[in-house]
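Below is one structure, written out as structure tokens; the observations come after it.
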Amino acid sequence: MIDSFIDGPLWYFSLFIFFAGVILRLGSIIFSKHKVDLSVAKGPETPGALRTLFSRFIPDKGLFKHIKFQVIAGYVFHLGLFAVIFFAAPHIKFLDKHFLGFSWPALPHWGFLVAAQLAFLGLILLWLHRIMSPVSRLLSTKGDHISSILTFVVLLTGCLALLESFSSLRLLHRFSVELFLIYFPFSSLMHAFTFVPSRIFTGAWFGRRGIKS
Amino acid sequence: MTKLKHFWFLGIMMMLFSFNINSVSATENLKDANSGLADAVSLQQERVQSPGSDLWRNVRQRDATISGRTQVKGLKSGTLIDTKNNQWRKVRRELLLPYGGYFLMGALGIIALLFLFIKRQRIPNGKSGQTVTRMSTMQMITHWFLVVIVGFMSITGLLLLFGRFVIIPLMGASAFSPIASASKEGHNLMGPLLVVALLMMLIYYVRHNFPAKGDLKWLLTVGGLFSKKHLEVGYFNAGEKILYWATIVLCTVLSITGLLLLFPYYEPTIDRTQLALLIHAIAALALIAMVFGHIWMVYTVEGTFDAMDTGEVDENWAKSHHSRWYKEKTQTNEDDEGELSASSEGTISKDPSSEKEQGAYS
Amino acid sequence: MSETMSERLEKGITALRGQMDSKVETYFSSCVNCGICAESCLFYTETKDPRYTPIYKTEPLRKLWKQEYSFWGKFASKLGLSKPLTEADFADWEELVYDGCSMCGRCSMVCPMGIDVADIIARVKQGLSAAGYTPEGLVGAAQRTLEFGSPMGNILPALQAHIKHIEADTGLTVPFDVQDADYMVTISANEVVTFPEYIASLTRIFHHAGVNWTISTEAFEATNSGLQMGNNTIATELVGRIVTAAEKLNVKYVVSPECGHAYAAIRWNGPNYLGKKFSFGVVHILELLDELYRSGRIKTSGMETSRMTFHDPCQIVRRGGVEAQPRELLASVASDITEMKDHGRMNWCCGGGGGVSANERAEELRLKVFNRKKSQLEEIKVETMVTACSNCRTVLEDGLDENEMDMEVLGLTELIAEHLVEDEAALKAS
Ligand code: HEM
Ligand code: SF4
Ligand code: SF4
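Protein chains in written order, with our numbering: chain H, 4 to 216; chain S, 7 to 368; chain R, 1020 to 1449.
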């Protein structure tokens, strides 16, 4: 009973919430009030926006030595997660079959394991940093912790089901993914999308002032 | 999954197979009320086809090593079944499991008694409200990272070792098989991260853990337990140093044996794999028991937990438990005002790693 | 004021609501509370107090956004689970935002999500000032400017007296209220009172370069306490005076003084305050000088040989885009220039921007965060620091004094004036 619910209605519901939620959130960014800047621009906005969109992947040199930990753990986590999500053989198969109708080469099994380990390593360290460093401890909200923990659970259940032989484990993974998808649009997990408009706004602002950012 | 890296896991898998077969047939003729109940409780009915089960059953009947010929090149590819594994199975079931179990229960029992009967040691003169920085952010992250990894490995490891005696009676065999599979996958996956935790432990703690003046005295008087004389203690006391080094040694042993088990093809003889496995299990049990003791120690000395929570400890705590460290710290603090509290570094040390650390957090 | 507490609060909240737009929505949706911005802010690095983390300073607006614009927040406040904004929040954040932020914008350069944190802090100020939570120092400065034309009271007589001196000294005339001039020069009160050499220097440089310029007696003060307070009504009124005067005199350009926030107020915010594009251009004095230098209208001779560095005023360089010009100008008159480790658009603030220096309550904190500049300077061991903002200059001198550091602080414009070629000849001749 519960399995057909997780594989059926709940799955479609969570997909709907995810896509509708993300579109709604991005829509509210695009369609809410934009202030028009009447001052005379010193430079064009678009190159500035593009520049900042990419330049913020690399931390400022002088700052780097103070934020090494977050940057390195951050990259380890995000790259690992990215590889696990998009290059795990079961995921590619799944996307191919249910959504896309095409596939791409998957990571070999050992590659997947390494990616997952990196993702775990980065995630655990980042989360510990969140609760141990006085600054992020002060800033962090319940939502941030829920996001971290949900991501952890999704990763974990996925890896526990690695043998691909037990439908209960697969369902557990599927269920945690569903919770994740439902939570995603209403949490800071949205940063996975909103970093783009955010950097673009700031970059355009700096662009029109003739500043490299 | 075709490569079964752990041979003993082969044993478990075989048991699982038979449980599965049992429960499948049980549901079919609904005679076995117990397992029917278990199925209702369990997450999901598992069906695993085992086309070769008859063959396997036959093979299992024999005691001698059965060797054949094969085109496959490899040290053991001609051996269909190795009786050594059966011997190992005996060792595991008749020695490791019962004695390991008693050991763990005994340790838990002792800790429970300690929790019940030993009064918490209050901070002398109560909390002063003033705090001193004891742990840097990196030190705390390192400690808790070790806790997360050791915790996860302990839970999955214990499930693999003793799970069948707890889970099967409680939840039924069909619940145990996915749990065992999950534990095995999780244990294998997270294991290598222990190496990272270990390295971080070395980087951020080792310099506080070398033997120092007063350690011997501390040990002889068991931390002043039986004498009222005040002991001068530095950053860590001898007990903590022993905890540290024991953790380092046990984790190193666990990492090395664990990696050997993860990559058995680099270790061609089954005897050595079995030895590694035995050592792995014993070291794990020792570490777990020690962690119980550690948790009790932290609980029973009021104010200690703060060191790993905020990194700040109460002055009165510091004065009474680590007086020498407290003195050194407050003195140097006066010398270069504030600088040090900002770096949130426990002691003042001139080695480069502390500078690196201060760089990262100052 | 006789307003009741809740009225004040309501006003503040309304003002904060008015700040919501697509940027706020994007920025708050993106922040992952990583804390990286803390390491970029001198108020955090020098105090290690996590409350000075840039994004934490935006908390009142963030709280409101969460409760009224985010899904879970709306949900929670419907259920009465979240605590609404209170006076206590406003009171606490008054100190964080006005004393603990110099609006330097360094945080906006480093956020991995690209959040312009300083922009949001400026919006928080709007709410705080609407609710009346503004430090006395700033309120006083704003009132004096509204009433007497400058934060230091009525300084027109002082200016005129001073200009008489200049005219006597140099034999040049300072053109007041000239119709159809090319450039209408504005200044900051601080330049009249503390650094009068600035005006003398301008007079000599403009004469040297043959610039057709003027000063309006009606609007020469360009500093803007309204901007520093976060009060758009006052800010608009003050910029409006300059715009009216410039339109009346029908000038081609208004020249902003060195002062950084004055430049921001008229160059970038002005048109938006008034809701119209200006009929004249706005240039910063350094932009003008650099243009004159490049087109060969300023000729300099001789080189300073002492070891120098340039302190970048945040609003001019990082937030204003005038980064290359001061370097080019300085290199034309100085031979031994050493940059600080973080310089240009990543320079560290002097600690007194954004109204902090006008806020006596913040003095202790300001001197503490000066340690950042101090260690920057100690690294490069220079004898002279050149800058281009009278506010930076006062704050720097104060900090150097306090730390008993022996270092000269010079204004870039004055330095250029000292090296004019013809001027020397003219002086000798007279
Ligand atoms: C919930 C469980 C735990 C708590 C509450 C806890 C708490 C603490 C605290 C407060 C300290 C610092 C003592 C001081 O300041 O002198 C500490 C040190 C330490 N902990 Fe734990 N801990 C826990 C679990 C573990 C685990 C699972 C391990 C790993 C095997 C571990 C290994 C260590 C070691 C090695 C040290 C000493 C470091 C040294 O002496 O250099 N702890 N712990
Ligand atoms: S650096 Fe950016 S994302 Fe990180 S806490 Fe600061 S504002 Fe938020
Ligand atoms: S603008 Fe400058 S002073 Fe203000 S929070 Fe950002 S970095 Fe700190």
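Every residue, glycine too, gets a C-beta built ideally from N, C-alpha and C.
Handout entry: Reduced DSSP category for LEU1429/R - H, G, I as helix; E, B as strand; rest coil
Key = LEU1429/R falls in the strand class under three-state DSSP.
Exercise for the section: Give a single yes or no on whether PHE16/H has its beta carbon closer than 7 Å to a heavy atom of ligand 3. Expected result: Checking every heavy atom of ligand 3 against the Cβ of PHE16/H, none is found closer than 7 Å.
Practice task
Flag PHE169/H as yes if its beta-carbon sits less than 8 Å from any beta-carbon of chain S, otherwise no.
Solution key: At a cut-off of 8 Å, the C-beta of PHE169/H has a neighbouring C-beta in chain S.
Problem - CB contact check: ILE127/H to chain S, cutoff 8 Å - result: At least one chain S Cβ lies under 8 Å of ILE127/H.
Exercise for the section: Could you list which residues in chain B have their beta carbon closer than 8 Å to that of PRO198/S, in chain order? Expected result: Looking at the structure shown, chain B is missing, and the protein chains on hand are H, S and R.
Problem - LEU346/S classed as buried or exposed, judged by whether at least 16 other C-beta atoms fall within 10 angstroms - result: Any reading at LEU346/S needs caution, since the residue's pLDDT is 34, under 50, leaving its predicted position unreliable; the model's value is listed next. The Cβ neighbour count for LEU346/S, taken over all protein chains shown within 10 Å, is at least 16; the residue is labelled buried.
Handout entry: beta strand (DSSP E) runs wholly inside the region 1260–1317 of chain R, at least 3 long, in chain order
Key = When DSSP assignments are scanned along the region 1260–1317 of chain R, the uninterrupted stretches of beta strand (DSSP E) that are 3 or more residues long and fall wholly within it turn out to be 1272–1275 and 1300–1303.
Handout entry: Same chain, Cβ closer than 7 Å to MET206/S, five either side skipped, listed in chain order
Key = In chain order, THR148 and PHE151 place their CB closer than 7 Å to the CB of MET206/S, counting only its own chain and leaving out the 5 sequence neighbours on each side.
Handout entry: Strand pairing of HIS1330/R, partner residues [DSSP]
Key = The partner list for HIS1330/R (beta bridge, DSSP) reads THR1406/R.
Handout entry: Anticipated Cβ contact below 8 Å, ARG140/S with GLY309/S, distance rounded
Key = Actually they are not in contact, since the Cβ atoms of ARG140/S and GLY309/S sit about 10 Å apart, beyond 8 Å.
Exercise for the section: Compute the distance between the beta-carbons of LEU1384/R and GLY1119/R, then report whether it is under 8 Å. Expected result: Yes; because the gap between Cβ atoms is below 8 Å, this pair is in contact.
Handout entry: Residue ranges of each alpha helix (DSSP H) within the region 1025–1108 of chain R, 4 or longer
Key = Listed in chain order, they are 1041–1049, 1061–1064, 1078–1088 and 1090–1097.
Problem - CA-to-CA distance, SER35/H to LYS190/S, given in whole angstroms - result: Approximately 50 Å between the Cα atoms of the pair.
Exercise for the section: Measure the Cβ-Cβ separation of VAL304/S and PHE298/S and say whether it is below 8 Å. Expected result: No, Cβ-Cβ distance for VAL304/S and PHE298/S is not below 8 Å.
Exercise for the section: Starting from the C-beta of ALA44/H, find all residues in its chain whose C-beta is less than 7 Å away, skip the five residues before and the five after it, and write them out in chain order. Expected result: The beta carbon of ALA44/H is closer than 7 Å to those of ARG211 in its chain, skipping five residues each way along the sequence.
Handout entry: Separation of LEU260/S from ALA179/S, as counted between CA atoms
Key = The alpha-carbon separation between ALA179/S and LEU260/S amounts to approximately 29 Å.
Problem - Cβ of SER183/S within 8 Å of any chain H Cβ - result: Output row for SER183/S: interface = yes.
Practice task
Flag CYS1053/R as yes when its Cβ comes closer than 7 Å to any non-hydrogen atom of ligand 2, and as no otherwise.
Solution key: It does: the Cβ of CYS1053/R is within 7 Å (strictly closer) of some heavy atom of ligand 2.
Handout entry: Burial state of LEU36/S (16 or more Cβ within 10 Å)
Key = Model confidence at LEU36/S stands at a pLDDT of 37, short of 50, so the residue's coordinates are unreliable and nothing is read from them.
Practice task
Output, in sequence order along the chain, the residues in the region 183–205 of chain H whose CB is closer than 7 Å to any CB in chain R.
Solution key: Of all residues in the region 183–205 of chain H, the ones placed with a Cβ closer than 7 Å to any Cβ belonging to chain R are PHE189, SER191, MET193, HIS194, THR197, PHE198, PRO200, SER201, ARG202, PHE204 and THR205, in chain order.
Handout entry: Residues near GLU1433/R by beta carbon distance below 7 Å, same chain, minus five either side
Key = The residues are GLU1216, TYR1217 and SER1220.
Exercise for the section: Please confirm whether any heavy atom of ligand 2 lies closer than 7 Å to the CB of LEU226/S. Expected result: Remark: the shortest separation between the CB of LEU226/S and any heavy atom of ligand 2 does not fall under 7 Å.
Problem - ASP1188/R - containing beta strand (DSSP E), residue span - result: Residue range 1175–1189 is occupied by the alpha helix (DSSP H) that includes ASP1188/R, with no beta strand (DSSP E) assigned at that position.
Handout entry: Chain-ordered chain H contacts of LEU195/S [CB-CB under 8 Å]
Key = Result: LEU116, ALA119, GLN120, PHE123, CYS162 and LEU165.
Exercise for the section: Report the neighbours of VAL1270/R on chain H: residues whose CB is nearer than 8 Å to its CB, in chain order. Expected result: Neighbours of VAL1270/R in chain H, taken as residues whose beta carbon is under 8 Å from its own, are absent, since the nearest beta carbon is some 16 Å off.
Problem - Short Cβ contact (8 Å threshold) for GLY1279/R with SER1121/R - result: Cβ distance not < 8 Å, so GLY1279/R and SER1121/R don't count as in contact.
Problem - contact_flag[the region 144–155 of chain H, the region 62–79 of chain H] where n(CB pairs < 8 Å) is 3 or more - result: Result no; under three Cβ-Cβ pairs closer than 8 Å.
Exercise for the section: With 8 Å as the threshold, decide whether the Cβ of TYR1046/R is near any Cβ in chain H. Expected result: Residue-level contact by beta carbon holds for TYR1046/R and chain H, with a gap shorter than 8 Å.
Exercise for the section: Return yes when the C-beta of LYS45/H is under 7 Å from any heavy atom of ligand 3, and no when it is not. Expected result: Every heavy atom of ligand 3 is 7 Å or more from the Cβ of LYS45/H, so no.
Exercise for the section: Could you please give the first and the last residue of the uninterrupted beta strand (DSSP E) stretch that includes ASP320/S? Expected result: Element bounds for ASP320/S: 318–320.
Problem - Unbroken beta strand (DSSP E) run spanning VAL138/S, endpoints - result: First-last of the beta strand (DSSP E) with VAL138/S: 137–139.
Problem - Every unbroken alpha helix (DSSP H) inside the region 279–336 of chain S [4 residues or more] - result: Within the region 279–336 of chain S, the complete alpha helix (DSSP H) segments at least 4 residues long are 312–315 and 321–327, listed from N- to C-terminus.
Handout entry: Any chain S beta carbon closer than 8 Å to LEU2/H
Key = No answer is possible for residue 2/H: the residues shown for chain H start at 4 and end at 216.
Handout entry: Whole-angstrom distance between ASP1108/R and GLY1146/R, CA atom to CA atom
Key = Roughly 11 Å between the two C-alpha positions.
Exercise for the section: Kindly examine ligand 3 and report whether one of its heavy atoms sits closer than 7 Å to the Cβ of ARG1364/R. Expected result: No - ligand 3 has no heavy atom lying nearer than 7 Å to the Cβ of ARG1364/R.
Exercise for the section: Note down the Cα distance separating PRO108/H from PHE90/H, rounded to an integer number of angstroms. Expected result: Their Cα atoms are separated by approximately 7 Å.
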